[in-house]
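Since the structure comes first, as structure tokens, the remarks are kept for the end.
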Ligand code: ADP
Ligand code: ZN
Ligand code: ZN
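In the working numbering, the protein residues as written are 3 to 690.
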């Protein structure tokens, strides 16, 4: 049992890995005093149980409160370096999580709780040097040379500015990364390269391995606890100096960091959707600054946030404007589904021009990609007689028919229902299956081209086939002629034999009630188009759409990112959306509909009081750096998900303000019913 003690004892501040506000002060019994170091794990009594927390600071002034004693100190040496402490503190302040939660998020499980980890470490063979063949070097293009020089000059600076490498698809960005990393290794420093998880395929792993062999540590989600821990230790000790991994690799404990690369920086998977809801790009920017490293963001379709930072001079922009060997960008044809007669549109899925091109490609034995960003067979089942639509019981969204499983699936909670034979409301047997997804595209294409070998890449086929790498490998090696898929097929893959890309329906993403839907659709169309013509043969793209004049469609036709940006930016300004402003989304949810509504209003009132001083008018006055606007509460577009009713409050605010801490405190000052849950999402990527 812990006893209460006099304040003559040394006091320390502990970060607790729970959603709480602030730090907790404890006293240190004399016999533990010699073990006191910042960054060690400490066992403490906390709310009637024992908990592991992190020692983040000594308490300078001893207040005259009496504190409980800590139970034990678990480490001789800190598990957290000073830099990681600073990084996690910044995350907690920026994203409104507790410092302890941010720390837990940055550490692998075994560092958190481990004992047997030490044993595994001893067992690991020391000299497992693998031989690798060094790849032959290309002569860099002029663009590549310029980019590399600019990155190099960053290496020499005290506080280097972050860099945006804006390079069109196929312009050879990866080669620039490789050379820059090599330079960093020569300087005896380390590098971290982040890639979206989906892109962590054999292709990029092999590419990095060919270049860095035994220096390379690959972190990915399939590592088990032991493997992750060992990788961690190899990095910490400096035995491996190049890290390749998804967003969590930004926490890799490399000493002497010189370079952080974020490839395809616009990808959504860099944002974590659980607490702390961090974005790896923002974390990387802080870390790079804090450790004097260079940050390079690569993309052919940069996020508006990043391009905006380049415009305001916060980061430096470098362009790669042509494809390697001056290969042309593919020609994009827009197929207007509105104005085509019945002969033009065959069977509702493939237009005549696209079908003709597929046939040509089959004859020429060249690869074809077909994109539809919607999985399943039919997207909803409705009754033409009474209008009833089959919905998920806990989500209020329509259920998707999956033919392969012969079931109805909810794409939000994964709930499954048997396929109905009569209407759930009026019992009519005339049900209509409407809307189509990738499964249906596959079956229609197979009917139309019986000899074609077809494969499909989406969440369902990955589940059935085991891994998306298997499907991609089959396609790359020519075991299938046509690859059909969701946005998964648009990721940075390099398939030189693909000469035709077809987009079945460009409008899918435009229908979502989200202010980023135009940006996402533009990115998707431009990225998937960029998969065509990367080899010796030029490529072509056919985009089927009902909205040929929509900016996302119009500008992607010419791969024209910069003009899309110019068109989109003022619209964002007008509504005080990013990138010129920042957003905080406060999601309030509960199974009890009335409670969630009442509490949302209470919270809104409290926030208004808190931010009264900076909520002056609909627009900030010129030069006003502190400004905020509170919107809502309003029901979220998906009002009921997984049995929870959901409301949200949005705060729009001037860039650079840190509001999360104040919002957490507002929240802590209210009496929240236990049945209500609140999440704070700073810089949210999706508001559905
Ligand atoms: P991006 O990532 O910009 O879309 P990649 O880095 O995948 O482009 O490069 C496209 C292709 O060009 C790859 O097959 C790569 O091996 C090749 N490549 C890159 N740089 C050069 C170069 N300087 N000379 C010849 N080929 C190159
Ligand atoms: Zn559901
Ligand atoms: Zn009916």
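Using N, Cα and C, we set each Cβ at its ideal position, and we do this for glycine too.
Cβ neighbours of residue i in the same chain (closer than 7 Å, five flanking residues each side left out)
{"i": "residue 692", "result": "Since the first residue shown for the chain is 3 and the last is 690, residue 692 is missing from the structure and cannot be characterised."}
{"i": "residue 506", "result": "351, 372, 373, 374, 443, 546"}
{"i": "residue 43", "result": "54, 56, 76, 77, 81"}
{"i": "residue 675", "result": "597, 601"}
{"i": "residue 594", "result": "677"}
{"i": "residue 217", "result": "187, 242, 243, 244"}
{"i": "residue 1", "result": "With the chain covering only 3 through 690, there is no way to say anything about residue 1."}
Segment limits, beta strand (DSSP E) that includes residue i
{"i": "residue 586", "result": "583-592"}
{"i": "residue 43", "result": "43-48"}
{"i": "residue 384", "result": "382-384"}
{"i": "residue 463", "result": "Counting along the chain, residue 463 falls outside any beta strand (DSSP E), though it belongs to the alpha helix (DSSP H) covering 461-467."}
{"i": "residue 507", "result": "Unbroken run through residue 507: none, as it is neither H nor E."}
{"i": "residue 519", "result": "Segment 519-531 is the alpha helix (DSSP H) holding residue 519; no beta strand (DSSP E) there."}
{"i": "residue 659", "result": "Neither: residue 659 is in no beta strand (DSSP E) and is coded neither H nor E."}
{"i": "residue 471", "result": "No beta strand (DSSP E) contains residue 471, which is instead part of the alpha helix (DSSP H) from 470-478."}
{"i": "residue 29", "result": "26-30"}
Burial state of residue i (16 or more Cβ within 10 Å)
{"i": "residue 219", "result": "buried"}
{"i": "residue 513", "result": "exposed"}
{"i": "residue 388", "result": "exposed"}
{"i": "residue 490", "result": "buried"}
{"i": "residue 423", "result": "exposed"}
{"i": "residue 428", "result": "exposed"}
{"i": "residue 281", "result": "buried"}
{"i": "residue 132", "result": "Confidence in residue 132 is poor, its pLDDT being 46 and thus under 50, which makes the residue's placement unreliable; the coordinate value appears in the next sentence. Answer is exposed; the Cβ neighbour count stays below 16."}
{"i": "residue 619", "result": "exposed"}
{"i": "residue 469", "result": "exposed"}
{"i": "residue 127", "result": "Because the pLDDT at residue 127 is just 45, under 50, the model does not fix this residue reliably, and the point stays unresolved."}
{"i": "residue 160", "result": "exposed"}
{"i": "residue 524", "result": "buried"}
{"i": "residue 687", "result": "buried"}
{"i": "residue 418", "result": "exposed"}
{"i": "residue 521", "result": "buried"}
{"i": "residue 181", "result": "buried"}
{"i": "residue 268", "result": "buried"}
{"i": "residue 175", "result": "buried"}
{"i": "residue 284", "result": "buried"}
{"i": "residue 315", "result": "exposed"}
{"i": "residue 625", "result": "exposed"}
{"i": "residue 189", "result": "exposed"}
{"i": "residue 570", "result": "buried"}
Range covered by the alpha helix (DSSP H) that runs through residue i
{"i": "residue 706", "result": "Outside the modelled stretch of the chain, which goes from 3 to 690, sits residue 706, for which no answer is possible."}
{"i": "residue 180", "result": "175-188"}
{"i": "residue 447", "result": "440-450"}
{"i": "residue 208", "result": "204-214"}
{"i": "residue 233", "result": "227-238"}
{"i": "residue 310", "result": "306-314"}
{"i": "residue 285", "result": "282-292"}
Reduced DSSP category for residue i - H, G, I as helix; E, B as strand; rest coil
{"i": "residue 83", "result": "coil"}
{"i": "residue 369", "result": "strand"}
{"i": "residue 572", "result": "helix"}
{"i": "residue 160", "result": "coil"}
{"i": "residue 551", "result": "coil"}
{"i": "residue 91", "result": "helix"}
{"i": "residue 566", "result": "helix"}
{"i": "residue 666", "result": "helix"}
{"i": "residue 611", "result": "helix"}
{"i": "residue 264", "result": "strand"}
{"i": "residue 97", "result": "helix"}
{"i": "residue 633", "result": "strand"}
{"i": "residue 627", "result": "coil"}
Contacts around residue i, its chain only, beta-carbon distance under 8 Å, and the 5 residues preceding and following it disregarded
{"i": "residue 630", "result": "613, 616, 617, 653, 654, 655, 656, 659, 661"}
{"i": "residue 21", "result": "99, 100, 103, 277"}
{"i": "residue 605", "result": "588, 590, 635, 651, 668, 669, 672, 680"}
{"i": "residue 664", "result": "612, 613"}
Residues near residue i in its chain [Cβ-Cβ closer than 6 Å; skip 5 each side]
{"i": "residue 322", "result": "145, 169, 173"}
{"i": "residue 637", "result": "649"}
{"i": "residue 246", "result": "195, 210, 220"}
{"i": "residue 335", "result": "544"}
{"i": "residue 510", "result": "375, 376"}
{"i": "residue 464", "result": "470"}
beta-carbon residue i near ligand 5 non-hydrogen atom, thresh 6 Å
{"i": "residue 303", "result": "Because ligand 5 does not appear in the structure shown, any question about it cannot be addressed here, the ligands present being ligand 1, ligand 2 and ligand 3."}
Environment of ligand 2 in chain order, Cβ to heavy atom below 6 Å: Around ligand 2, the residues selected by a Cβ distance under 6 Å to any of its heavy atoms are 394, 396, 397, 412, 414, 415, 417, following chain order.
Chain-ordered residues, beta carbon under 6 Å from a heavy atom of ligand 3: My final list is 385, 387, 388, 390, 425, 427, 428, 430.
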